[in-house]
Amino acid sequence: MKDTEYYLQAESPAFILNQELLEQNLAIVDEIQRETGVELIFALKSYGLYKSFPIFQRYIKGMTASSLNEAELANEFFEGGQIHSYAPVYLPKEAARIFELSSHVTFNSVSQYLANKDKYPQLQGKSCGLRINPEYSEVETDLYNPCIKGSRLGIRCEDLKRLPEGIEGLHSHNLCECGAAATANTLQNIEKLFGEFLPQIKWLNLGGGHLFSSAGYDLKLLKDTLKSFKAKYPHLHIILEPGAAFVWQTGVLVAEVCDIIENSGVKIAMLDTSFAAHMPDCLEMPYRPNVFGAGYAGEKGYDYYLGGCSCLAGDYIKDYSFAQPLQPGEKIIFADMMHYTMVKTNMFNGINLPNIYILHKDKKLELLKSFSYADYKSRL
Ligand SMILES: Cc1ncc(COP(=O)(O)O)c(C=O)c1O
């Protein structure tokens with residue numbers, strides 16, 4: 158049986174993680190680490206399905222956290238390991254515990270570092286770093302570009318005359334779903350703008366956005382780039398902390414068609430899922446998720462908009478085409494629905510969250526979580 162047939166057995170709406178596909182990505186993570194001597198940790202913000210973290214534990218030694226909740230979760234799985242924290246600002250009520258849980262703490266500004274360093278005994282023995290802004294990015298959407306003019310993320314070179322005492326690392330995050338050339342160009346810019354500091358630090362964290370598990374990615378270029386950078390600065394511990402690349406194309410969202418309606422000649426398939434509540438990135442970024450077996454309008458014969466079940470007027474995505482007319486009761490499968498989906502879902506309109514399943518390697522489909530009125534009520 159094909160994996161899609163297993164997916165269709167899930168009670169919709171449902172996120173389904175495919176373990177076999179996850180392990181394929183983790184094998185690439187392993188290869189990069191082994192061949193380059195660079196360490197990869199996982200950016201928790203992209204995906205929090207902790208029931209799958211025992212699989213991650215076999216390949217990596219740590220995670221990066223951007224809040225107290227993420228630091229607590231990272232600590233449950235990597236206690237005593239690499240827990241890198243970075244937040245644009247550490248909230249006073251969370252800071253002490255975050256520092257206690259972390260092995261490495263990156264500050265977004267010199268003022269945050271100076272204000273926290275003597276105040277919190279929890280920072281003693283922790284390796285502190287600063288986030289730099291490499292003033293270079295290939296990200297076209299401003300929402301995801303930390304290097305736009307006026308960005309609040311990272312210190313620009315002109316504002317960092319010298320490293321404050323106690324700083325052991327630098328952290329740069331400027332990419333989003335980028336190829337290997339963008340990593341190479343970033344390193345060139347870091348050397349150009351912050352090169353004088355590289356001999357003074359112990360570690361360099363190159364953030365996320367390296368999409369090495371996607372089709373067409375030049376993995377050799379990434380490995381060669383990292384190897385030659387490491388050869389040039391052998392004292393530096395180099396870290397990458399991608400999120401999306403770990404779980405890229407490793408799972409789906411199954412939804413059911415509940416009704417077909419028509420407006421001005423446009424057919425709309427009304428679903429039991431919502432773009433606003435269950436796939437908010439589709440509207441935020443925006444992007445059009447692929448649906449298994451569907452093409453663009455005009456390609457397959459039967460064209461539809463896909464309508465979400467919330468009341469938001471914009472909760473729909475246009476221009477899908479299917480080979481057969483869609484029928485109420487039929488399920489459709491959205492592709493690549495693991496990164497930045499489950500962690501961003503919300504209960505707008507009181508719409509329940511999708512079930513969460515894992516398709517194990519032995520093709521056993523296991524329900525990991527389902528949600529109820531208690532979950533909705535407990536949040537408010
Ligand atoms: C500081 C930092 N590190 C890592 C990541 C992970 O990026 P990605 O999931 O694109 O690899 C992000 C994403 O926003 C980030 O802000």
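Residue numbering for the sequence shown follows the working numbering, starting at 158 and increasing by one per position. Here a beta-carbon is modelled for each residue, glycine too, at the ideal position from N, C-alpha and C.
Helix, strand or coil at residue i according to DSSP, with G and I counted as helix
| i | result |
| --- | --- |
| Asn509 | coil |
| Asn152 | Nothing in the structure corresponds to residue 152, since the chain is present only between 158 and 537. |
| Thr498 | coil |
| Asp381 | helix |
| Ile347 | helix |
| Tyr453 | strand |
| Gln239 | strand |
| Cys538 | Since the first residue shown for the chain is 158 and the last is 537, residue 538 is missing from the structure and cannot be characterised. |
| Cys285 | strand |
| Val267 | helix |
| Thr298 | coil |
| Phe528 | coil |
| Leu393 | coil |
| Ile185 | helix |
| Cys415 | strand |
| Gly464 | strand |
| Gly422 | coil |
| Asp519 | coil |
| Gly219 | strand |
| Val195 | coil |
| Lys488 | strand |
| Val448 | strand |
| Gly400 | coil |
| Gly160 | The displayed chain sequence assigns Asp, not Gly, to residue 160. Note: Asp160 maps to helix in three-state DSSP. |
| His435 | helix |
| Asp476 | strand |
Near ligand 3: residue i beta-carbon under 7 Å from a heavy atom
| i | result |
| --- | --- |
| Lys501 | As far as ligands go, the structure on display features ligand 1 and does not contain ligand 3. |
Of the listed residues the options, nearest to residue i (C-alpha basis)
| i | options | result |
| --- | --- | --- |
| Gly452 | Lys318, Ala253, Gln214, Lys475 | Lys475 |
| Tyr293 | Leu287, Gly286, Asn302, Cys285 | Asn302 |
| Ile396 | Gly286, Phe491, Leu483 | Gly286 |
| Ser329 | Leu310, Gly507, Leu271 | Leu310 |
| Gly352 | Ala454, Thr340, Phe369, Pro291 | Pro291 |
| Lys274 | Ile305, Asn265, Gly323 | Gly323 |
| Leu469 | Val423, Ala434, Asn342 | Ala434 |
| Glu168 | Ser535, Leu522, Leu537, Tyr533 | Leu522 |
| Asn175 | Met494, Leu483, Thr407 | Thr407 |
| Val296 | Asn226, Met442, Gly237, Leu524 | Met442 |
| Tyr405 | Gly458, Leu179, Arg288 | Before going on, a small fix: residue 405 reads as Trp here, not Tyr. Answer by Cα proximity: Leu179. |
| Tyr216 | Leu165, Ile189, Asp316, Glu229 | Ile189 |
| Tyr247 | Ala272, Ala492, Glu236, Leu440 | Ala272 |
| Leu440 | Leu483, Leu379, Thr502, Gly486 | Thr502 |
| Ile312 | Thr298, Leu332, Arg288 | Arg288 |
| Ser268 | Ser421, Ile508, Leu317, Gly194 | Leu317 |
| Tyr533 | Met504, Tyr514, Lys526, Leu524 | Met504 |
| Phe210 | Phe234, Arg191, Tyr497, Lys218 | Phe234 |
| Val448 | Cys314, Leu327, Lys488, Tyr270 | Lys488 |
| Ile255 | Gln166, Glu229, Leu300, Gly237 | Glu229 |
| Ala253 | Lys276, Thr263, Asn265, Lys457 | Lys276 |
| Leu379 | Gly400, Pro249, Thr343, Ala401 | Thr343 |
| Asp187 | Gly422, Gln214, Leu165, Tyr164 | Gln214 |
| Glu192 | Lys377, Met158, Val262 | Lys377 |
| Thr340 | Gly364, Leu183, Asp438 | Gly364 |
| Gln484 | Ala531, Cys415, Leu524, Tyr514 | Cys415 |
| Leu320 | Phe403, Ser308, Tyr270 | Tyr270 |
| Gly507 | Phe528, Tyr497, Thr498, Ile490 | Phe528 |
| Lys208 | Gly307, Asn509, Ser535, Lys526 | Lys526 |
| Arg445 | Asp493, Glu315, Cys314 | Asp493 |
Own chain, CB closer than 7 Å to residue i, minus 5 neighbours either side, in chain order
| i | result |
| --- | --- |
| Thr430 | Pro170, Leu410, Ala412, Gly465, Cys466, Pro511 |
| Ser223 | Lys202, Tyr243, Ala244 |
| Glu325 | Ser284, Cys285, Gly286, Ile358, Lys359, Trp360 |
| Gln166 | Leu522 |
| Gln481 | Tyr459 |
| Ser266 | Ile312 |
8 Å CB neighbourhood of residue i in its chain, flanking five on each side removed
| i | result |
| --- | --- |
| Ile425 | Ile417, Ile418, Glu419, Tyr461, Tyr462, Leu463, Gly464, Tyr473 |
| Glu251 | Ser224, Leu225 |
| His392 | Pro356, Lys359 |
| Ala454 | Asp460, Lys475, Asp476, Tyr477, Ser478 |
| Asn232 | Ile240, Leu258 |
6 Å Cβ shell around residue i - same chain, five flanking residues per side excluded
| i | result |
| --- | --- |
| Gly205 | Val500 |
| Glu227 | Leu201 |
| Gly366 | Leu332, Cys333, Cys335 |
| Asp299 | Ile305 |
| Tyr497 | Ser203, Asp438 |
| Ala401 | Ser203, His496 |
Short CB-CB distance (under 8 Å) between residue i and chain B
| i | result |
| --- | --- |
| Gly486 | The structure shown contains no chain B; it is built from a single protein chain. |
The segment 264-282 touching the segment 342-353, judged by at least three CB pairs closer than 8 Å: Touching, no, given that fewer than three Cβ pairs across the two stretches are closer than 8 Å.
Cβ contact (3+ pairs, closer than 8 Å) linking the segment 384-398 and the segment 453-464: The segment 384-398 vs the segment 453-464: no contact.
The segment 502-518 contacting the segment 216-235, beta-carbon criterion three pairs below 8 Å: Counting Cβ pairs under 8 Å, fewer than three are found: no touch.
Three or more C-beta pairs below 8 Å linking the segment 336-344 and the segment 361-372: With a cut-off of 8 Å, the segment 361-372 and the segment 336-344 count as touching, because enough Cβ pairs lie within range.
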